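Structure record follows, encoded as structure tokens.
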Amino acid sequence: MRSLRTQVGIVGAGPAGLLLAHLLERQGIAAVVLEAKSRSYVEERIRAGVLEQGTIDLLNEAGVGARMMSEGLPHEGIELLFDGTRHRIDLAELTGGRRIMVYGQHEVVKDLIAARLSAEAPLYFEVDAVQVADIDTAEPKIYCRHAGEDMVWTCDFIAGCDGFHGICRTALPDIAAHTFERVYPFAWLGILAKAAPASEELIYASHPHGFALFSMRSPQITRLYLQCSPDDELANWSDERIWSELEVRLASDDGWHPNKGEIIQKGITPMRSFVCEKMQHGRLYLAGDAAHIVPPTGAKGMNLAVSDIRILARSLVQHYLHHDDTGLAHYAENCLKRVWRAEHFSWWMTSMLHRFTDHSPFQQRIQEAELRYFATSRAGATTIAENYVGLPWSD
Ligand code: RFL
Ligand code: PHB
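Counting in this note's numbering, the sequence shown runs without a single skipped number right up to 405 at its last residue.
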């Protein structure tokens with residue numbers, strides 16, 4: 011067994027783990043990133059696409075925003091489509107100039123990996139059998155296996171950035187008592203198509219057949235989603251069926267419809283709201299999807315991971331550079347206010363825009379009245395806009 015030492019051991023090379031490693035590296039704090047999957051897998055994993063203003067600012071301040079600024083697509087509005095009419099929510103005008111950037115999460119991951127490799131800082135892919143131990147002691151450890159060799163990393167702190175299905179959350183004692191969850195009775199079928207986006211802005215559509223979302227990744231690639239059943243299978247969705255459902259759900263009276271093209275990726279994502287309020291025990295700290303999940307309707311998941319990491323990195327810097335542990339002591343409390351705000355917004359957007367098969371006709375009419383109000387009143391649209399672009403950091 012090879013024995014190694016670092017200051018912060020980071021499990022997972024998603025946006026959370028890689029950003030934490032980068033922010034620590036800039037302050038001279040040593041870290042190792044241990045990732046189960048291969049580099050190409052994490053660099054090609056298609057997920058989030060919308061970066062909040064605060065995320066854009068943080069990536070720029072951290073010196074990893076150059077490609078995002080040149081290749082990302084800045085957006086100042088989104089549209090809500092129902093009853094055949096599109097209603098624009100002017101994000102910038104309603105929020106004093108805040109905006110979002112459409113830039114794939116996998117591109118953020120590529121930029122952070124490139125930064126880590128150019129700093130020649132430790133980052134291991136295809137690491138097996140990761141286990142954390144001794145989290146109650148001053149020397150927590152990560153056991154794992156890489157390239158056929160067993161390793162043990164002795165750390166000062168461990169950051170569990172290993173996503174919803176990772177192993178770190180389960181290493182915390184008694185989490186059931188601190189866990190809040192809601193599973194939705196639907197899922198999203200997502201596709202990437204080789205087609206120029208037919209609209210400059212994202213379109214969130216509520217239709218009697220179910221929710222649909224028009225988004226994009228680049229001037230050549232359209233990203234589209236359809237509400238489907240949670241036990242649906244890709245085999246049930248031929249390309250023809252996907253396009254015809256998209257045509258129906260995204261139809262607008264002005265004749266707009268998405269451009270079609272070759273479908274280059276398809277996937278089904280279940281929808282869940284989940285919070286583990288115990289985000290820390292001993293010297294193990296959870297961040298991002300390891301601690302909380304939101305349904306993607308509010309485009310908040312990756313932004314929340316970034317917000318946790320901003321707080322964790324700052325707390326670790328206070329510890330190492332200023333011998334101040336206040337931030338570490340209040341880590342979960344400092345993260346959870348923003349987590350619950352995003353949980354509410356994501357749940358609310360999901361509830362307002364999807365079809366629930368168990369809704370009574372009364373509930374259906376109430377949902378339609380709510381959507382009409384929020385889409386057409388300035389007060390309603392402002393609520394959507396300020397949550398969508400992300401509320402300013404509270405500190
Ligand atoms: P990740 O990205 O899941 O990364 C965790 C990493 O840990 C690795 N791992 C392990 N490594 C070592 N040992 C183990 N035992 C390990 N177990 C797991 C994994 O391989 C992985 O590399 O979590 P992180 O960093 O917290 O980032 C969170 C985001 O990925 C997530 O919240 C977003 O993708 C959610 N999301 C969206 N967020 C947004 O902010 N805006 C959006 O527009 C948006 N759209 C979406 C989304 C997520 C979606 N899906 C597929 C869930 C759209 C979709 C369809
Ligand atoms: C995406 O482009 O993948 C996307 C955009 C907005 C969302 C969710 C996903 O709310």
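Backbone N, C-alpha and C fix where the C-beta goes; we use that ideal spot for every residue, glycine too.
Note that the coordinates shown come from a computational prediction; the quantities given were computed from them, not determined experimentally.
Inside the region 263–296, DSSP marks whole beta strand (DSSP E) runs of 3 or more residues at positions 272–286, 294–296, from first to last along the chain. The three-state secondary structure of Ser-209, taken from DSSP, is coil.
Less than 8 angstroms separates the beta-carbon of Ile-56 from that of His-116. In this structure Ile-394 is buried. Its beta-carbon is surrounded by 16 or more other beta-carbon atoms within 10 angstroms. In this structure Ile-177 touches Gln-141 by the C-beta definition: roughly 7 angstroms separates them, less than 8 angstroms.
Of the residues assessed, Ile-152 falls on the buried side of the cut-off, its CB having 16 or more other CB atoms within 10 angstroms. Relative to the ligand RFL, even the nearest heavy atom lies 7 angstroms or more away from the CB of Gln-230. Excluding sequence positions up to five before and after Leu-90, its CB lies within less than 6 angstroms of the CB of His-97, Tyr-214, Ala-385, all in the same chain and listed in chain order.
Gln-237 is a Cβ neighbour of His-364, given a cutoff of 8 angstroms.
Annotation: the continuous beta strand (DSSP E) that includes Glu-159 extends over 159–164. Distance from the Cα of Glu-343 is smallest, within the candidate group Lys-276, Arg-351, Ser-370, Met-289, for Met-289.
Around the beta carbon of Ala-129, fewer than 16 other beta carbons lie within 10 angstroms, which makes this residue exposed.
No heavy atom of the ligand PHB is found nearer than 7 angstroms to the CB of Ala-206. Within the same chain, no Cβ atom closer than 6 angstroms to the Cβ of Ile-123 is found once the five residues on either side in sequence are excluded. Boundaries of the beta strand (DSSP E) harbouring Gly-19: 18–21, taken from the DSSP string.
Nearest C-alpha to Trp-247 among Ala-26, Trp-198, Asp-318, Ala-41: Trp-198.
With a cutoff of 7 angstroms, Cys-238 does not count as near the ligand RFL, since its C-beta is closer than that to no heavy atom of the ligand. Remark: the shortest separation between the CB of Pro-306 and any heavy atom of the ligand PHB falls under 7 angstroms.
Sequence-distant Cβ neighbours of Ala-203 in its own chain, meaning closer than 6 angstroms and more than five residues away, are Thr-232, Gly-271, Ile-273.
A Cβ-Cβ distance of about 6 angstroms is found for the pair Leu-14 and Met-161, placing them in contact under the 8 angstroms criterion.
Between Asp-146 and Gly-19, the CB-CB gap reaches or exceeds 8 angstroms. Assignment of Val-74 by DSSP, reduced to helix, strand and coil, places it in the coil class. CA-CA distance, Gly-64 to Pro-402, rounds to 7 angstroms.
The closest heavy atom of the ligand PHB lies less than 7 angstroms from the beta carbon of Ala-309.
Annotation for Leu-322: Leu-30, Ala-169, Tyr-295, Ala-297, Tyr-341 place their beta carbon closer than 7 angstroms to its own, counting only its chain and skipping 5 residues before and after.
Arg-155 is the residue among Ala-148, Asp-93, Val-60, Arg-155 whose C-alpha sits nearest the C-alpha of Leu-44. Shortest Cα-Cα distance from Leu-260 to any of Leu-212, Ala-300, Leu-101 involves Leu-212. Not one heavy atom of the ligand PHB sits closer than 7 angstroms to the Cβ of Arg-15. Residue pairing from DSSP places Glu-191 in a beta bridge opposite Phe-284.
A distance below 8 angstroms separates the beta carbons of Glu-257 and His-267. With contact defined as three or more Cβ pairs closer than 8 angstroms, the region 310–322 and the region 177–189 are not in contact. Comparing alpha carbon positions, the residue from Met-111, Gly-277, Val-118 closest to Gly-82 is Met-111. If you draw a straight line from the Cα of Gln-373 to the Cα of Ile-252, it comes to about 28 angstroms.
The C-beta separation of Arg-179 from Ala-58 comes to about 20 angstroms, leaving the pair out of contact by the 8 angstroms criterion.
For His-156, the secondary structure class from DSSP, reduced to helix, strand or coil, is strand.
With a cutoff of 7 angstroms, Val-140 counts as near the ligand RFL, since its C-beta is closer than that to a heavy atom of the ligand.
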